[in-house]
Structures are given as C-alpha cells and as structure tokens.
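Using the numbering used here, the first residue of the sequence shown is number 704, and each one after it goes up by one. C-beta: ideal position from N, C-alpha, C; glycine also. Keep in mind that this is a model prediction, so the values were computed, not measured. Okay, structure first, notes after.
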Amino acid sequence: MRLDKYLSQSTDYSRKEVRRFLKMGEVTLNGEEVRDPSMHVNEVEDEIYLNGYPLEAPGEKYLMLNKPLGCVCSNNDGTHPSVLSFIDLPRANELVICGRLDVDTTGLVLITTDGKWAHRITSPKHKTGKLYQVVTADPIPEDAVDKFAQGMMLINDKVRTKPAELRITASNEAEVILTEGRYHQVKRMFGAIGNKVEELHRASIGNIHLDEDLELGEYRFLTDQEINSIQ
Ligand code: URA
704 MRLDKYLSQS TDYSRKEVRR FLKMGEVTLN GEEVRDPSMH VNEVEDEIYL NGYPLEAPGE
764 KYLMLNKPLG CVCSNNDGTH PSVLSFIDLP RANELVICGR LDVDTTGLVL ITTDGKWAHR
824 ITSPKHKTGK LYQVVTADPI PEDAVDKFAQ GMMLINDKVR TKPAELRITA SNEAEVILTE
884 GRYHQVKRMF GAIGNKVEEL HRASIGNIHL DEDLELGEYR FLTDQEINSI Q
C-alpha cells in the first residue's frame with residue numbers, strides 16, 4: 704500500500720493533509736524520516752509513526768496464536784491470563800477470540816477484529832471443522848468411531864452432538880474433527896464412552912493449520928489465503 708494511503712486510512716486525515724505532514728518531516732518509517740507519499744509500505748511489518756505516535760495498520764486484523772496451558776480464551780477470568788495478553792498490538796483487548804479452548808488445552812486459536820469472519824468459524828451452520836489431537840487415559844475402542852459419527856446425547860444437553868470424525872492414531876491417541884464447539888465437548892464425548900482426556904491440542908480450524916514455527920504463546924498474522932479459506 705502507498706504510504707499516503709496508509710497514513711490517511713489509519714488516521715482521520717485526508718490525503719492532502721497527510722502529504723503536508725510528510726513534507727514537514729513528521730512521518731518516520733522504521734525509525735527513518737520519510738517524505739515520499741508514493742513509497743510502498745508493508746502493512747504488517749513496517750512501523751510507522753506520525754508526530755512521534757505509532758500508527759495502527761488500517762483494515763481488519765487476523766492472527767493465529769499457539770495457546771499454551773494455563774491461559775483462557777476469554778478477556779479475563781480473574782485467575783488466569785487471557786490469550787490476548789500475548790498480543791502486542793494497540794487495543795488488543797478489543798480483539799475477538801474465535802471460539803474457546805479450555806485452560807488446559809493447547810494449540811490453535813484464531814483472533815481477529817472481524818466479527819463476521821469470527822462468526823463463520825464458530826457457528827455450527829458454517830460447518831468449519833476443528834481438528835483436535837487427543838491423548839486419553841485408557842485405550843480407545845474401535846466402536847468409538849461409529850459413536851462419534853452418529854452423534855451422542857451428552858449430559859445436560861438437549862440435542863445430540865453433530866456427527867464427528869474420530870481417527871484412532873494409537874491405542875490411547877486420536878484425532879477428532881468437530882463442526883461445533885460445545886462446552887468441554889471433546890472431554891465430554893470421551894467421558895460418554897467411559898474414557899478420560901489427558902491431553903488436548905487443537906491443530907487446525909478448516910484449512911488453517913497451526914504454524915509449526917510458532918512457539919507456545921507466539922502468534923503471527925494470517926496470510927490472505929488463510930483468511931479467505933474460511934467461507
Ligand atoms: N473440547 C474440549 O473439551 N476442550 C477444549 O478446549 C476444546 C474442545
């Protein structure tokens with residue numbers, strides 16, 4: 704994006720006003736004074752200051768975070784830190800967390816400013832599959848595959864769970880794909896077949912896969928392809 708466009712879109716100033724600021728030497732790009740309005744800027748990586756104040760890149764933001772144990776996917780529960788505390792962006796507490804992982808679940812969390820996009824991820828109507836990797840206390844019997852596929856009545860719920868895909872990958876390990884996100888759903892589904900989830904990790908949401916280069920607590924911006932993959 705051109706520098707003058709970036710400046711006017713991330714402030715309330717017109718392009719004309721922005722060009723005046725540039726002429727007056729009031730804009731820095733990665734610490735260097737810049738005056739050329741047609742200069743190309745990278746919206747994600749460049750640090751742009753106007754009159755000494757950092758500007759937030761215009762447009763919606765879409766991030767993936769590798770959630771560690773011990774933090775929550777709400778803004779604050781008074782006991783555990785929020786996943787948003789890892790996000791080093793202005794007004795991070797206004798971001799939307801797309802669906803919740805339990806405090807003892809790790810893995811992929813999507814975070815955005817775009818409420819409609821978040822809704823497409825969380826609404827069961829959109830059938831966006833969430834892939835979980837599970838380690839259980841006891842061996843997982845083969846007939847669990849059919850039980851997950853047929854849907855289950857879970858205690859305190861009024862409707863059956865939607866069909867879920869269960870792939871047993873080792874005697875006490877499996878992958879589960881859910882298209883809904885009920886409270887403690889994976890743990891309760893394994894509970895319903897008399898087993899217990901010992902470890903739970905979310906590896907993907909639709910075609911967005913947790914980036915292996917992200918350490919626990921690290922995040923990165925999504926690519927356009929990842930953003931557009933959520934329909
Ligand atoms: N199901 C659970 O039980 N816990 C999670 O964190 C996510 C899905």
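Is residue i near ligand 1 - that is, is its Cβ less than 8 Å away from at least one heavy atom of it?
i, result
"His-887", "yes"
"Gly-884", "yes"
"Leu-732", "no"
"Leu-804", "yes"
"Arg-891", "yes"
"Leu-834", "no"
"Thr-864", "no"
"Val-900", "yes"
"Thr-825", "no"
"Arg-905", "yes"
"Leu-881", "yes"
"Thr-839", "no"
"Thr-808", "yes"
Among residues of its own chain, excluding the 5 on either side of residue i, which ones have a beta-carbon nearer than 8 Å to its beta-carbon?
i, result
"Leu-758", "Tyr-709, Leu-710, Ser-713, Thr-714, Ile-751, Tyr-752"
"Phe-724", "Leu-710, Tyr-716, Val-730, Leu-753, Asn-754"
"Leu-913", "Met-767, Asn-769, Gly-810, Leu-811, Arg-905, Ala-906, Ser-907"
"Leu-925", "Tyr-765, Leu-766, Met-767, Leu-813, Ile-911"
"Gly-728", "Glu-736, Arg-738"
"Asn-859", "none"
"Thr-815", "Glu-763, Lys-764, Tyr-765, Leu-766, Leu-798, Val-799, Cys-801, Ala-821"
Excluding the 5 residues preceding and the 5 following residue i in the sequence, name in chain order all residues of the same chain whose CB lies nearer than 6 Å to its CB.
i, result
"Val-806", "Val-775, His-783"
"Arg-705", "Ser-741"
"Asp-916", "none"
"Asp-817", "Glu-763"
"Leu-919", "Asn-769, Pro-771"
"Lys-890", "Val-900"
"Ser-826", "none"
"Pro-761", "Gln-712, Ser-713"
"Ser-874", "Pro-842"
To which residues of the same chain is residue i closer than 7 Å at the C-beta, ignoring the five residues directly before and after it?
i, result
"Arg-870", "Ala-877, Glu-878"
"Asn-796", "Asn-778, Leu-787"
"Lys-830", "Thr-882"
"Gly-854", "Arg-863, Thr-864, Lys-865, Pro-866"
"Phe-789", "Leu-768, Gly-920, Tyr-922"
Check whether the Cβ of residue i lies closer than 9 Å to any Cβ atom in chain D.
i, result
"Leu-811", "Considering every chain present, this structure includes no chain D. It has just one protein chain."
If contact is defined by three or more beta carbon pairs under 8 Å, each pair taking one atom from either stretch, is the segment 841-856 in contact with the segment 792-804? Judged by Cβ distances under 8 Å, the segment 792-804 makes no contact with the segment 841-856, as fewer than three pairs qualify.
Length at least 4, wholly inside the segment 807-866: the alpha helix (DSSP H) runs in chain order: 818-825, 847-853
My parser needs the alpha helix (DSSP H) runs of 4 or more residues fully inside the segment 866-925; what are they? 888-895
Can at least three beta-carbon pairs, one atom from the segment 830-841 and one from the segment 892-904, be found at a separation below 8 Å? The segment 830-841, when compared against the segment 892-904, does touch it at the 8 Å Cβ threshold.
Would you list, in sequence order, the uninterrupted beta strand (DSSP E) runs of no fewer than 3 residues that lie entirely inside the segment 760-804? List check, beta strand (DSSP E) in window: 765-770.
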